[in-house]
Amino acid sequence: MAEKRGNVWIFIEQEGGKIANVSLELVCKGRELANRLGVKTEALLLGNGVADATETVIHHGCDKVFLVEDEALEPFTVLPYAKSIVDLVKKHKPNILLFGATNKGRELGPRVASELLCGLTADCTDLKIDDFDDKINKKSYKDKLMQIRPAFGGNIIATIVNTWEDPQIVTVRPGVMKLAPPDKSRKGEVEKVAPEITDTEKVVKVIERIRKEKDVDLQASQIIVAGGYGVGSKDNFKLIEGLAKAIGGDVGASRAAVDAGWISHDHQVGQTGVTVRPKLYIACGISGSIQHRAGMSESGKIIAINTDPEAPIFSCAHYGIVGDLNEVIPKMIKAFKAKV
Amino acid sequence: MGYTILVFVKQVPDTQNITGEAMKPDGTVNRAALPAIFNPEDLNALELGLQLKERFGAKLIVGTMGPPNAAEVLRESLYRGADSTILLTDRAFAGADTLATSYALSKCAEKIGNFDLILCGRQAIDGDTAQVGPQLAEKLALPQIAYVEDVESLSKKKIRARRSIEGGYEVVEGPLPCLLTVVEANEPRPANAKNIMRRKKSMTRSELRKAHADANYTDAEMLVDEEEKLKAKGLWIEELSAADVGAEESRIGLKGSPTKVKQIESVVLRGADFKRIDPSEDGINALMHELIEDHTLG
Ligand SMILES: Cc1cc2nc3c(=O)[nH]c(=O)nc-3n(C[C@H](O)[C@H](O)[C@H](O)COP(=O)(O)OP(=O)(O)OC[C@H]3O[C@@H](n4cnc5c(N)ncnc54)[C@H](O)[C@@H]3O)c2cc1C
Chain G
0 MAEKRGNVWI
10 FIEQEGGKIA
20 NVSLELVCKG
30 RELANRLGVK
40 TEALLLGNGV
50 ADATETVIHH
60 GCDKVFLVED
70 EALEPFTVLP
80 YAKSIVDLVK
90 KHKPNILLFG
100 ATNKGRELGP
110 RVASELLCGL
120 TADCTDLKID
130 DFDDKINKKS
140 YKDKLMQIRP
150 AFGGNIIATI
160 VNTWEDPQIV
170 TVRPGVMKLA
180 PPDKSRKGEV
190 EKVAPEITDT
200 EKVVKVIERI
210 RKEKDVDLQA
220 SQIIVAGGYG
230 VGSKDNFKLI
240 EGLAKAIGGD
250 VGASRAAVDA
260 GWISHDHQVG
270 QTGVTVRPKL
280 YIACGISGSI
290 QHRAGMSESG
300 KIIAINTDPE
310 APIFSCAHYG
320 IVGDLNEVIP
330 KMIKAFKAKV
Chain E
0 MGYTILVFVK
10 QVPDTQNITG
20 EAMKPDGTVN
30 RAALPAIFNP
40 EDLNALELGL
50 QLKERFGAKL
60 IVGTMGPPNA
70 AEVLRESLYR
80 GADSTILLTD
90 RAFAGADTLA
100 TSYALSKCAE
110 KIGNFDLILC
120 GRQAIDGDTA
130 QVGPQLAEKL
140 ALPQIAYVED
150 VESLSKKKIR
160 ARRSIEGGYE
170 VVEGPLPCLL
180 TVVEANEPRP
190 ANAKNIMRRK
200 KSMTRSELRK
210 AHADANYTDA
220 EMLVDEEEKL
230 KAKGLWIEEL
240 SAADVGAEES
250 RIGLKGSPTK
260 VKQIESVVLR
270 GADFKRIDPS
280 EDGINALMHE
290 LIEDHTLG
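Line by line, the protein sequences are chains G and E.
Residue numbering for the first sequence follows numbering that gives the first Met the number 0, starting at 0 and increasing by one per position.
Residue numbering for the second sequence follows numbering that gives the first Met the number 0, starting at 0 and increasing by one per position.
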């Protein structure tokens, strides 16, 4: 008889008790995978004084939360987190373990996977369950996690499978999985776990920590007006802000505009910025490099404004306006104001 | 006594302009088809190492795992000021994923021994995984400090570093030895002209043998002799195989890699239902009207 399949686990990332969006996106995706496999969705919530956050996790679809609290887990340092997670994995043997591909997830995931001798795929943009025929080693595997990610600077999409022992571990890009609304009537179990953290894990100490909240949270935006190098100057970015304000949207930018110092990095969309999927994305003076498209091509509707009819941005746009943004944007504002 | 700092670097294909043709049927990369460059963030790691050497006194050893011609990034490291270099090369390493790579590098680091710090670039532009640094730290049971921007202080027992975190930065302190992954926060120095003059003849044993074969020399003694001369002049790039570092066969290369590539697709641009909008007032009026009608706007 086949061994019982393990559950789907999600590492819940929090900062001051506030759960990272990506973790909730992963709970939703994890729920879908668990349903397909006929197993449970379970979350790992680590920190100190974070018990209040368990409810949110359950409302988004978890059957159970392992609540791991200890002084050594606040503020975040990688070794105590890795030790606590590795111990839990060894005890419960999950089938799948999901991390957000954030700074924390990307330093924690590899530490955990390396100790467990598990495969790890970074920065996935899609996950599926499917069978895998390993033709080289003549082995087949049933119901494995297909770990789909861009590689080679976004030029190819690779599907990767972990063929060694479970768990199958991945990090997933923030903003790519859909966040379903919470179901407040949902009930789940909370299991308190006392981690065994020793002095060996406490060797790295945080001396000072300077953080500020982001200028904008583009992942939550429904409408984004993004400006690129074609905007021409910091001053002219007012045009982008003007359109965003008029239609009730937020301001995004390409890396070239950020590098030019016209706007802060919090606004950058793309491979090294945020991944967004608003209802409407208006790209103004953005050429549409592969790295930029990686962050916005899943938007509901895309309008591209560019003077160059050959700009690659048009190939992912639904509406293309070949023209000068300095003329087009004021016309858009005027037309919108006249209609509403 | 100064510090001993290991910097692990990678030669990577330049991923700016490539096609699916650069992939082999088994899903691994046909690196030969692409220009090879020094991985950008590894240059930041090397730069940090050079700065630490200047500030605190250190011996800087640069290592890489790769095919024989990865010796090129080692020469480039020497031109920038590295003291010595090691090429970990073996056909058996081919096809390694990050777990197998970090295992091989850990064996190399153990072979070198007695180091105070290991520096790696945060990630490489071919895979963008950022996994090898943390995995190498785990394999060596070392603490890790990821995303380091700069080192504030270093003493025989402790390092204090500033690292980037989401929305800001953090100053952390850890014991030595320790592994740092370095982000693009310094300006890597260019190769130094004097170092180029002094060290451009640096070579590995394979390169020396090839030079001999090309010149039709057959004298084995002469080969040994030249090796000694190169070593004395600091022109020797140490070449190590899997066996030299004591790496277990089952844990390296394809065999030692739990992740397998199932499928590779080139990115095709979606042929969305595309509408060209006339930039005239009428065209834009009609567009805004459509967006309001279908509730995208308003
Ligand atoms: C590892 C890596 C990661 C990267 N990550 C990102 C990322 O996260 N996000 C990102 O955006 N980029 C990223 N890039 C950079 C990316 O490759 C491009 O360089 C960048 O997106 C270009 O920005 P742009 O389109 O604004 O500028 P350009 O490519 O210079 O395009 C400007 C466009 O404006 C048009 N234009 C000029 N004047 C006007 C006008 N008056 N009206 C209308 N149109 C006009 C031009 O025709 C042109 O198409 C990354 C690159 C690398 C190598």
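Note that CB positions come from ideal geometry on N, CA and C, so glycine has one too.
Quantities reported herein were computed from a predicted structural model and do not represent experimental measurements.
*Sufficient close CB pairs (3 or more, under 8 angstroms) joining the segment 181 to 194 of chain E to the segment 146 to 154 of chain E*: Between the segment 181 to 194 of chain E and the segment 146 to 154 of chain E, the count of Cβ pairs shorter than 8 angstroms is three or higher; the stretches touch.
*Taking 8 angstroms as the cut-off, does the CB of Arg280 (chain G) come closer than this to any heavy atom belonging to ligand 1?*
The sequence as given places Tyr at residue 280 (chain G); Arg does not occur at that position. It does not: the Cβ of Tyr280 (chain G) is nowhere closer than 8 angstroms to a heavy atom of ligand 1.
*Measure the C-alpha to C-alpha separation of Ala160 (chain E) and Ser253 (chain G) and round it to an integer number of angstroms.*
The alpha-carbon atoms of Ala160 (chain E) and Ser253 (chain G) are separated by roughly 31 angstroms.
*asked:* To the nearest angstrom, how far is the alpha carbon of Gly260 (chain G) from that of Lys233 (chain G)?
replied: 7 angstroms
*Grab me the residues of Ile312 (chain G)'s own chain with a C-beta within less than 7 angstroms of its C-beta, minus the 5 sequence neighbours each way, in chain order.*
Ala282, Ile285, Ser286, Gly287, Ala303, Asn305
_Neighbourhood of Asp89 (chain E) by C-beta, 7 angstroms cutoff - its chain only, sequence neighbours within 5 removed_ = Ser240, Ala241
*Give a yes or no on whether 9 angstroms exceeds the smallest Cβ distance from Glu326 (chain G) to chain E.*
yes
*Buried or exposed: Glu217 (chain E), going by 16 or more other Cβ atoms within 10 Å of its Cβ?*
Correcting the residue identity first, residue 217 (chain E) is Thr in this sequence and not Glu. When all chains shown are included, Thr217 (chain E) counts as exposed.
*Sequence-distant residues of its chain with Cβ nearer than 7 angstroms to Arg30 (chain G) (five each side left out)*: Closer than 7 angstroms at Cβ, skipping near neighbours: Thr40, Gly60.
_Neighbouring residues (CB closer than 5 angstroms to any heavy atom of ligand 1)_ = G:Gly227, G:Tyr228, G:Gly229, G:Ser253, G:Arg254, G:Ala255, G:Gly269, G:Gln270, G:Thr271, G:Gly272, G:Gly284, G:Ile285, G:Ser286, G:Ser288, G:Gln290, G:His291, G:Asn305, G:Thr306, G:Asp307, G:Ala310, G:Asp323, G:Leu324
*Using a Cβ cut-off of 7 angstroms, which residues of the segment 247 to 278 of chain E contact any Cβ in chain G, in chain order?*
Pro257, Thr258, Lys259, Val260, Lys261, Gln262, Ile263, Glu264, Ser265, Val266, Leu268, Arg269, Ala271, Asp272, Phe273, Lys274, Arg275, Ile276, Pro278
_So, with DSSP's three-state summary, where would you put Arg208 (chain E)?_
Looking at Arg208 (chain E) - three-state DSSP - the assignment turns out to be helix.
*Span of the beta strand (DSSP E), counted from its first residue to its last, around Ile84 (chain G)*: Segment 77 to 91 is the alpha helix (DSSP H) holding Ile84 (chain G); no beta strand (DSSP E) there.
*Beta-carbon of Asn215 (chain E) versus every beta-carbon of chain G: anything under 9 angstroms?*
no
_From the DSSP secondary-structure annotation, give me the bridge partner or partners of Cys177 (chain E)._
E:Leu116
_Of the residues E:Asp281, E:Ile283, E:Thr295, the one placed nearest Lys278 (chain G), counting alpha carbons only_ = E:Thr295
*With DSSP as the reference, please indicate the residues paired to Trp318 (chain E) in a beta bridge.*
Since the displayed chain E opens at 0 and closes at 297, residue 318 (chain E) lies outside it and no answer follows.
*Just the chain G side, please: which residues come within less than 7 angstroms of Pro176 (chain E) by C-beta, in chain order?*
Here the premise fails: no neighbours, minimum Cβ distance about 11 angstroms.
*Going along chain E, which residues have a C-beta under 8 angstroms from Asp397 (chain G)?*
Any question about residue 397 (chain G) goes unanswered here, given that chain G covers just 0 to 339.
*asked:* In whole angstroms, give me the CA-to-CA distance for Met287 (chain E) and Ser314 (chain G).
replied: 21 angstroms
*First and last residue of the beta strand (DSSP E) that includes Ala225 (chain G)?*
222 to 226
*At what residues does the beta strand (DSSP E) containing Asn305 (chain G) begin and finish?*
300 to 305
_CB contact check: Glu70 (chain G) to chain E, cutoff 9 angstroms_ = no
_So with CB distances below 7 angstroms, who are the chain G contacts of Val171 (chain E)?_
Val203, Lys204, Val205, Ile206
_As a quick exercise: from E:Ala190, E:Pro39, E:Lys228, E:Thr180, pick the residue whose alpha carbon is nearest that of Met202 (chain E)._
E:Lys228
*Would you say Lys230 (chain E) reaches chain G, if we count a Cβ-Cβ gap shorter than 9 angstroms as a contact?*
no
_CB contact check: Trp261 (chain G) to chain E, cutoff 9 angstroms_ = no
*Would you say Val88 (chain G) faces chain E, with C-beta separation under 9 angstroms as the test?*
no
*asked:* Based on DSSP bridge pairs, tell me the residues matched to Val250 (chain G).
replied: G:Val224
_Can you give me the C-alpha to C-alpha distance between Lys191 (chain G) and Glu46 (chain E), rounded to a whole angstrom?_
46 angstroms
*Presumed contact (8 angstroms Cβ cut-off) between Asp249 (chain G) and Ile223 (chain G), rounded CB distance*: 6 angstroms
*Closest Cβ-Cβ distance between Ser113 (chain G) and chain E: below 9 angstroms?*
yes
*asked:* Strictly below 7 angstroms CB to CB, what residues from chain G border Pro306 (chain E)?
replied: As displayed, chain E neither begins before 0 nor continues past 297, which places residue 306 (chain E) out of reach and without an answer.
*Mark Met295 (chain G) as exposed unless 16 or more other C-beta atoms lie within 10 angstroms of its C-beta, in which case mark it buried.*
buried
*Is any heavy atom of ligand 2 found at a distance shorter than 8 angstroms from the C-beta of Asp69 (chain G)?*
As for ligand 2, it is missing from this structure, which binds only ligand 1.
*Would you call the segment 77 to 91 of chain E and the segment 238 to 257 of chain E touching, i.e. three or more CB-CB distances under 8 angstroms?*
yes
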